[in-house]
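Just so you know, we're using my numbering here: the sequence shown kicks off at 907 and counts up by one. We put the beta carbon where it would ideally sit given N, CA and C, even for glycine. Remarks on the structure that follows.
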Amino acid sequence: MPNGVLIFGEATEEGKLAGITAELSGAAAALGGPVTCALLGSGVEAIAEEAGQYGAAKVIVVDDPILKDYQGDAYLPVAERIAKEVDPAVILLGQTMIGRDLAPRLAQRLGTAVVMDCIAVSIEGDKLLAERPCYGGAARARYTINGSPQIATVRVKALEPAAASGSAEVVKQEAGVSADQVRTTITGRSKPESEGIRLEDATVIVGAGRGVGGPEAFQQLEELAGVLGGAVGASRAVCDLGWYPVATQIGLTGKIVTPDLYIAIGISGASQHMAGISSVKNIASVNKDADASIFKASRWAVVHDWKEFVPAFLEEVKKVKAS
């Protein structure tokens, strides 16, 4: 009979344990039952013991050069084999580049379904309750799965990571995948040019909307973000106008971010943008339109021209940091 939770941990490009692993471990522990962590990749054996510090009873490591870069043809048969061996009631993956592709493939192979991009998971009886944003982030929906195992992907930083304590049994397995099974070839990689902190990693984000007026506004917004140790993001309208790089776009068709503080400057609060910040607990908004819909989701609201507010706020922040 299916029992417990299987999570798929991940490594960063630098070979370190990705934060989503601890977050999935915390979510799995709260669901109850034994937790098994699977680590797939090349060089992941080095982080297996660390992965086992977050509450898993067992860590299954599949360390093979063929798994160096994520390719579904290589990862899927390994993930399917592990899932059938462990026979869990629930499988959790991160809403990451890997999880977004692997989870639905795995669900199809196992004859079940998956709920994507969850911001909360819980158990009611023997049913997984998976909660995710809907209507552009304006509401939240709860889903159940009529199948087994029940699979969900969890949004990065949406849940509290488990504390590091204890250890787990580490079991090594072979990938058992040959090169001729992989039908795709990675011919190269490119990354958008960026400086400073990535939006996905920033604890503070200064978000700019069309209300900032033009590209000349970003010098001051970048200064504010720099003083706060954060990054600058933008709405779709701003990126469509060419005021700021598309790589900084936040929203339904951009990045989903979860900083500790989001400062919205000149952003009205369109549902497309709000979907990108739906998990942010602390939103501070500056807009001269008192009826801006973003104020409804804001903890702090400033009805004022940003061109007057931001310089004054920046000066006060500098004073506090200097004292």
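Pairs of beta-carbons, one from the segment 1104 to 1112 and one from the segment 997 to 1016, closer than 8 Å: are there three or more? no
Check each candidate in Pro1010, Glu920, Asp1086 and name the one with the smallest Cα separation from Ile1057. Pro1010
Report the three-state DSSP secondary structure of Thr1154 (helix, strand or coil). helix
Bounding residues of the beta strand (DSSP E) (the contiguous stretch that carries Ser1191): 1189 to 1192
Taking only three categories from DSSP, how would you classify Gly961? coil
Which partner residues does Lys914 have in the DSSP bridge list? This sequence places Phe at residue 914; Lys is not what is there. BP columns for Phe914 point to Ala944.
Could you please give me the residues that DSSP links to Leu1034 through a beta bridge? Ile1029
Leu998 - containing alpha helix (DSSP H), residue span: Premise fails: Leu998 lies in the beta strand (DSSP E), 996 to 1000, not in any alpha helix (DSSP H).
Looking only at its chain, what residues have a beta carbon closer than 7 Å to the beta carbon of Ala928, apart from the 5 residues adjacent to it on each side? Tyr960, Pro1067, Ala1068
In its own chain, which residues sit with a C-beta less than 7 Å from the C-beta of Val996, not counting the 5 before and 5 after it? Val911, Leu937, Leu1034, Pro1055, Gln1056
I'd like to check one pair, Ala963 with Pro940: are the Cβ atoms closer than 7 Å? yes
With a threshold of 8 Å on Cβ separation, who are the neighbours of Ala1044 within its own chain once the five nearest residues in sequence on each side are excluded? Ser1177, Met1180
According to the neighbour-count rule (16 or more other Cβ atoms, all chains shown, within 10 Å of its Cβ), is Ala1074 buried or exposed? buried
Take every Cβ of the segment 1168 to 1175, pair it with every Cβ of the segment 1192 to 1199, and state whether three or more of those distances are shorter than 8 Å. yes
Hey, how far is the Cα of Ala1228 from the Cα of Val1216? 18 Å
Apart from the five residues on each side of it in sequence, which residues of its chain come closer than 7 Å, Cβ to Cβ, to Glu916? Ala924, Ile926, Thr927, Gly1000, Thr1002, Ile1004
Given 8 Å as the limit, is there contact between the segment 968 to 976 and the segment 943 to 950, that is, 3 or more CB pairs closer than that? yes
Mapping the DSSP letters down to three states, classify Ile1103 as helix, strand or coil. coil
Which of helix, strand or coil DSSP assigns to Tyr981: helix
Please identify the residue among Val965, Val1076, Gly1117 whose C-alpha is closest to the C-alpha of Ala1198. Gly1117
According to DSSP, residues forming a beta bridge with Thr1159: In DSSP, Thr1159 forms no bridge with anything.
For Thr1091, the nearest candidate out of Leu930, Asp979, Gly921 (CA to CA): Asp979
Residue range of the beta strand (DSSP E) that includes Glu1075: 1075 to 1079
Leaving aside the five residues before and after Gly1157 along the sequence, list all residues of the same chain whose C-beta is less than 7 Å from its C-beta, in chain order. Ser1141, Arg1142, Gln1178, His1179, Ala1181, Gly1182
Buried or exposed for Lys974, please, with buried defined as at least 16 other CB atoms from any protein chain shown within 10 angstroms of its CB. exposed
So, helix, strand or coil for Val1083, using DSSP? coil
DSSP on Val1138, reduced to helix/strand/coil? strand
Pairwise C-alpha distance: Ser931 and Ala1013: 20 Å
According to DSSP, which residues form a beta bridge with Asp1195? Partner(s): none; Asp1195 has no beta bridge.
Note the first and the last residue of the continuous beta strand (DSSP E) segment covering Asp1023. 1020 to 1024
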